[in-house]
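Chains as they are written, first to last, in our numbering: chain A, 431 to 721; chain B, 9 to 574. Read the structure below first, then the notes.
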Amino acid sequence: MSKSLNIIVLAKQVPDTRNVGKDAMKADGTINRAALPAIFNPEDLNALEQALKLKEMYPGSKVTLLTMGPARAAEIVREGLYRGADGGVVLSDRAFAGSDTLATSYAISAAIRKMGNYDIIIGGRQAIDGDTAQVGPQVAEKLGLPQVTYAEDIIGVENGKVIVKRRIESGVETVSCPLPMMVTVNGSAAACRPRNAKALQKYKYAAVPSEVAADEKKKAFIEERPYLEIGEWNASTVDADLSQCGLAGSPTKVKSIENVVFTAKEARQVENTDAELEALVQELIANHTIG
Amino acid sequence: MANFYTDNPALKHHLQHPLMEKIVALKERDFADASKYDYAPQDFADAMDSYDRVLEVVGEICGDTIAENAEDVDHQGPHVENGRVVYADGTKRNLDACRKAGLMGMAMPRRLGGLNFPITPYIMAADIVSRADAGFENLWGLQDCAETIYEFADEDQKQRYIPRVCEGETMSMDLTEPDAGSDLQSVMLKASQKEDGSWVLNGVKRFITNGDSDIHLVLARSEEGSKDGRGLSMFIYDKRNGGVTVRRIENKMGIKGSPTCELVFKDAPAELCGSRRLGLIKYVMALMNGARLGIAAQSVGISEVAYREALAYAKDRKQFGKAIIEFPAVAEILSVMKAKLDASRSLLYACARYVDIYKAYDDIAKERSLTPEEKQEAKKYSRLADAFTPLAKGLGSEFCNQNAYDCIQIHGGSGFMKDYACERVYRDARITSIYEGTTQLQVVAAIRHVTTGTYLDQIHAYQEAQVCAEDEGMKNTLAFMAQQYADAVQAVTGVKNPQYMDFMARRLVEMAGYIIMGYLMLEDTQREASFRRSLHVFVNWAQAEVAKHADFIGNFRPEEIENYLY
């Protein structure tokens, strides 16, 4: 019987880039967030499932979500609560606006330090808006933690080490890693469990303070039920150095954005004979299109 | 990424019926649980919001998981290993999703671990699940059996069994035997009482849906030497105690994911549920009414998928240079399918609401005595539920079969191949008009409401309701059909021959059912104009059916009946 674990799940609210319509981009080449519904980043849901599975395996474990974004990102924490997480924090400050991955991982690692007392930090491999896959590893580096990337299954904890199956180019490998540690989870891992009917009814009014600031009735309702209050932290709560936050802390500068429209440049007819097809396959292997 | 709740606006329409306010108030006892349970609603709006959100979860699981697994489950099916059932892999995944989502024991009270949902949203979940996979609905829907434990078992039994169901353990109702199908009075499975007062069961049960479940309700003969239904009692068998093995599972035409078992009871320990001798005459009757409503929901869910599959194919399939939906002959089939679907769904939820009200009163009556007004109301709705259940099950399952047939027809030759979902839907649909009482037995249950006037009274009540000017003509047509029905009832009862009444019963019950569905859709149209199209198509169809029956009855000479008897 292993001890209970303190697990932090990093999750991001992202525009649903999988259902892109014609008005998904603004004229200046940036994302038109109004046209795309905000969703729980898919691989962060895979990460959450791993955390909830560990919670079941090691009774007494605690799963806390951490998300950075505007107050409406509290929806991410609620979604986690509906599925079995114990609580969450929204890291929200105008000072974080315009963060690249370096500034983001700085802010998140500051928040994790503030939370303290963690065993495993789990995040999705990458977000579907930026597709960088950098934030998880950077957080681990900033906290000085060992990390396992591309995880497909966190098998369990044995003798203080976490056993993780990870997806690599040529197959899968199983590795062990000492606690505390960081894992980033691949989309090929188990899908996240559904929302639970009781938890959904229990937590549907959970909110960060700024969401209910203007509604005295809701505020009072949450005050009577402390489990409904979602943490809302800003730069000063996590003792962040403002020069490392947001645009100021982001060495990445976007020079210009270009819309790339794929067009067919050449077409070639191949006869349906074994010889011709064989030649085509060889050619495609040679120029690394396939294989 | 499909959601079978949010993609179907008809569901929300029925969930938001005005009668829900009364139902929720009764079910929630003016929201007394709010201070005791963190997931209990604060008020009516809060409760409705919870139903809506939970149904959205049901819709998501059904669209993303259960429907996706349906084909594999149909191919793989369950099997028996060492006297135990092993579900198909997809079935296991479906059950896991439903358990994690907490969708078991939905209608059970919170003190026993349930969600305390009224029957209406619970039945809506059954409707949605059936659209995804009718066979899985049987496993999931057997949580209904907990209702029987809740209504008739003692408090200790409720405390021991119901929380287990809410946690996800499955149930079965073990009624049928090789020589006792529709005729349950012939049940032989023997219950013997030992000297210490405990009971053991011995014998064989057949055609038991999910027969290797965790908790069984078993109908058995407790009174030695008795021959009829009055010698039968209800027992609870707990699989943890052992004593029951699965001898085989049936190779069925449809709902193949749902294991239909032959069970052997060998000194299987069991507990008496409720009082001796009331097994069949009271408890099974209650159990069956719940189960019939479940099959009515299953029928509507199958009708829904049949319509959707047919519609999608008709839009996609091109012949003679255009999509086949553009041909009037095809479009008419689809319109009638949609009308039957909408009509059977309106009837289903009308029935569910009646069940909700009388059951809530029954439950309140356990806590305090009802006022005379409440008693009167409980009686009224109990009677309506009793009258509407066989209509919803009987006619709903026939419509479901007709829609499955038409779905294949729209697919043409491809529909006859195993390549499209429609052939599975067609096979799955077939059982709905057979189990939990065939359509013929639903007619037997419904006919007394023809003769005692329950249906006609209700039709007259519908006639009182105001409709918008545009629908006055429709209302007049329905009134005309109602008169044809009333005349036909009088003509048949006037002969004063029970055999003749039996012979005409199906026709009279169908006339009543079609007219009632017409009025319900008229009511739907007042709240939501998009039902108007289906209302017209349905009433055109029903008017012809009612006239056909009226004609048959009017032209028929009672002595002709000899030609129909064997």
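Where is the CB? At the ideal position from N, CA and C, for every residue including glycine.
> Among 205(B), 246(B), 284(B), 266(B), which has the Cα closest to the Cα of residue 581(B)?
Replying inline: Look at the range of chain B in this structure, 9 to 574, and you will see that residue 581(B) is not part of it.
> Using the beta-carbon count (16 or more within 10 Å), is residue 441(B) buried or exposed?
Replying inline: Residue mapping note: residue 441(B) aligns to position 433 of the second sequence, counting from 1. Residue 441(B) comes out buried.
> With residue 635(A) and residue 511(A) assumed to form a contact (beta carbons below 8 Å), what rounded beta-carbon distance in angstroms separates them?
Replying inline: Looking up residue 635(A) in the first sequence gives position 205. Looking up residue 511(A) in the first sequence gives position 81. That belief does not hold up - the Cβ atoms of residue 635(A) and residue 511(A) are roughly 11 Å apart, past 8 Å.
> Terminal residues of the continuous beta strand (DSSP E) containing residue 443(A)?
Replying inline: In the first sequence, counting from the first residue as 1, residue 443(A) sits at position 13. It spans 443-445 - the beta strand (DSSP E) in which residue 443(A) sits, taken as one unbroken run.
>> Excluding the 5 residues flanking residue 194(B) on each side, which residues of the same chain have their C-beta closer than 6 Å to its C-beta?
In response: As a first step, residue 194(B) must be located in the second sequence, where it is residue number 186. These residues qualify, in order along the chain: 187, 188.
> Between residue 62(B) and chain E, is there a C-beta pair that is closer than 8 Å?
Replying inline: Absent from the structure is chain E; the protein chains it does hold are A and B.
> Going by beta carbon distance, what residues of the same chain come within less than 7 Å of residue 294(B), once the five residues before and after it are set aside?
Replying inline: The sequence position of residue 294(B) within the second sequence is 286, counting from 1. Taken in chain order, the residues that qualify are 156, 159.
> Where are the beta strand (DSSP E) runs, 3 residues long or more, that stay fully inside the segment 581-613 of chain A, in chain order?
Replying inline: 591-598, 601-608
> For residue 532(A), which residues of its own chain have a beta-carbon under 7 Å away from its beta-carbon, when the five flanking residues on both sides are left out?
Replying inline: For the purposes of this step, residue 532(A) is taken as the residue at position 102 of the first sequence. Correct list, in chain order: 568, 679, 680, 681.
>> Rounding to the nearest angstrom, what Cα-Cα distance links residue 433(B) and residue 314(B) in this structure?
In response: Within the second sequence, the letter at position 425 stands for residue 433(B). Within the second sequence, the letter at position 306 stands for residue 314(B). Distance between the alpha carbons of residue 433(B) and residue 314(B): 7 Å.
>> With a threshold of 8 Å between beta-carbons, can residue 474(A) be considered close to chain B, or not?
In response: Looking up residue 474(A) in the first sequence gives position 44. So, not an interface residue.
>> Can you tell me whether residue 623(A) is buried or exposed? The criterion is at least 16 other CB atoms within 10 Å of its CB, across all chains shown.
In response: The count along the first sequence starts at 1 and reaches residue 623(A) at position 193. With 16 or more other Cβ atoms within 10 Å, it is buried.
> Within the 8 Å Cβ cut-off, does residue 624(A) reach chain B?
Replying inline: One-based indexing of the first sequence puts residue 624(A) at position 194. It does: the Cβ of residue 624(A) has a partner Cβ on chain B nearer than 8 Å.
>> Against chain B, does residue 457(A) count as a neighbour if the rule is that its beta carbon must be under 8 Å from one of theirs?
In response: Your numbering for residue 457(A) matches position 27 in the first sequence. No, residue 457(A) lies away from the interface with chain B (no Cβ there is under 8 Å from its Cβ).
>> Taking the straight line between their C-alpha atoms, what separation do you get for residue 644(A) and residue 521(A)?
In response: Position 214 of the first sequence, counting from 1, holds the residue named residue 644(A). Position 91 of the first sequence, counting from 1, holds the residue named residue 521(A). So the two alpha carbons sit approximately 20 Å from each other.
>> Counting only beta-carbon separations shorter than 8 Å, does residue 437(A) have a partner in chain B?
In response: To locate residue 437(A), count along the first sequence from 1; it is residue 7. Chain B contact via Cβ: absent.
>> Alpha carbons only, please: which of 471(A), 462(A), 456(A) is nearest the one belonging to residue 621(A)?
In response: In the first sequence, counting from the first residue as 1, residue 621(A) sits at position 191. Answer by Cα proximity: 471(A).
>> Using the Cβ count rule (16 or more neighbours within 10 Å means buried), how would you classify residue 112(B)?
In response: Within the second sequence, residue 112(B) is the residue found at index 104, counting from 1. By the neighbour-count rule (16 or more Cβ atoms within 10 Å), residue 112(B) is buried.
> Since residue 630(A) meets chain B, which of its residues come closer than 7 Å, beta carbon to beta carbon?
Replying inline: Counted from its first residue, the first sequence places residue 630(A) at position 200. Under the 7 Å cutoff, chain B gives 61, 62, 65.
> For residue 720(A), does the three-state DSSP call read helix, strand or coil?
Replying inline: As a position in the first sequence, residue 720(A) is number 290, starting the count at 1. Three-state result, residue 720(A): coil.
> Counting Cβ pairs closer than 8 Å, one from the segment 391-405 of chain B and one from the segment 349-366 of chain B, do we hit at least three?
Replying inline: yes
> residue 634(A) versus chain B: which residues are under 8 Å apart at the beta carbon?
Replying inline: For this step, residue 634(A) is matched to residue 204 along the first sequence. Near residue 634(A) (Cβ distances below 8 Å), the residues of chain B are 57, 58, 61.
> Going by Cα to Cα distance, which pick from 267(B), 169(B), 203(B) is closest to residue 244(B)?
Replying inline: Counting from one through the second sequence, the residue named residue 244(B) turns up at place 236. When only C-alpha atoms are compared, the closest one is 169(B).
> For residue 246(B), which of helix, strand or coil comes out of DSSP?
Replying inline: One-based indexing of the second sequence puts residue 246(B) at position 238. Note: residue 246(B) maps to strand in three-state DSSP.
> What three-state label does DSSP hand residue 269(B) in the structure shown?
Replying inline: By 1-based counting over the second sequence, the position of residue 269(B) is 261. Correct three-state label for residue 269(B): strand.
> Using the C-alpha atoms, what's the distance from residue 307(B) back to residue 342(B)?
Replying inline: Within the second sequence, the letter at position 334 stands for residue 342(B). Within the second sequence, the letter at position 299 stands for residue 307(B). If you take the alpha carbons of residue 342(B) and residue 307(B), they lie about 17 Å apart.
> Under a CB-based cut-off of 8 Å, is residue 428(B) close to chain A?
Replying inline: By 1-based counting over the second sequence, the position of residue 428(B) is 420. Cβ-Cβ to chain A under 8 Å: no for residue 428(B).
>> Just to make sure I have the definition right: I need the residues of chain A whose C-beta is within less than 7 Å of the C-beta of residue 105(B). Which are they?
In response: Taking the first residue of the second sequence as position 1, residue 105(B) is located at position 97. Under the 7 Å cutoff, chain A gives 624.
>> Between residue 465(A) and chain B, is the shortest Cβ-Cβ distance under 8 Å, so that the two count as touching?
In response: Numbered from its first residue, the first sequence carries residue 465(A) at position 35. It does not: the Cβ of residue 465(A) has no partner Cβ on chain B nearer than 8 Å.
> So, does the CB of residue 627(A) fall closer than 8 Å to a CB anywhere in chain B?
Replying inline: Position 197 of the first sequence holds residue 627(A). Interface residue, yes.
>> Checking 8 Å against the spacing of the C-beta atoms, do residue 550(A) and residue 519(A) come in under that value?
In response: Locating residue 550(A) in the first sequence gives position 120, where the first residue counts as 1. Locating residue 519(A) in the first sequence gives position 89, where the first residue counts as 1. Taking 8 Å as the Cβ cut-off, residue 550(A) and residue 519(A) do not qualify as a contacting pair.
> Which of helix, strand or coil does DSSP assign to residue 52(B)?
Replying inline: Position 44 of the second sequence, counting from 1, holds the residue named residue 52(B). It is helical.
>> Using 8 Å as the threshold, is the C-beta distance between residue 479(B) and residue 530(B) below it?
In response: Here the question's residue 479(B) lines up with position 471 in the second sequence. Here the question's residue 530(B) lines up with position 522 in the second sequence. Cβ distance < 8 Å, so residue 479(B) and residue 530(B) count as in contact.
>> Using a Cβ-Cβ distance cut-off of 8 Å, determine whether residue 108(B) contacts chain A.
In response: For the purposes of this step, residue 108(B) is taken as the residue at position 100 of the second sequence. True, the Cβ-Cβ gap to chain A drops below 8 Å.
>> Using CA atoms only, rank isn't needed, just tell me which of 173(B), 424(B), 474(B), 334(B) is closest to residue 152(B).
In response: One-based indexing of the second sequence puts residue 152(B) at position 144. Ranking the options by Cα distance to residue 152(B), first place goes to 173(B).
> Checking contacts by CB at 8 Å: is residue 183(B) closer than that to chain A?
Replying inline: Mapped onto the second sequence, residue 183(B) falls at position 175. Taking Cβ atoms only, chain A never reaches closer than 8 Å to residue 183(B), which makes this a no.
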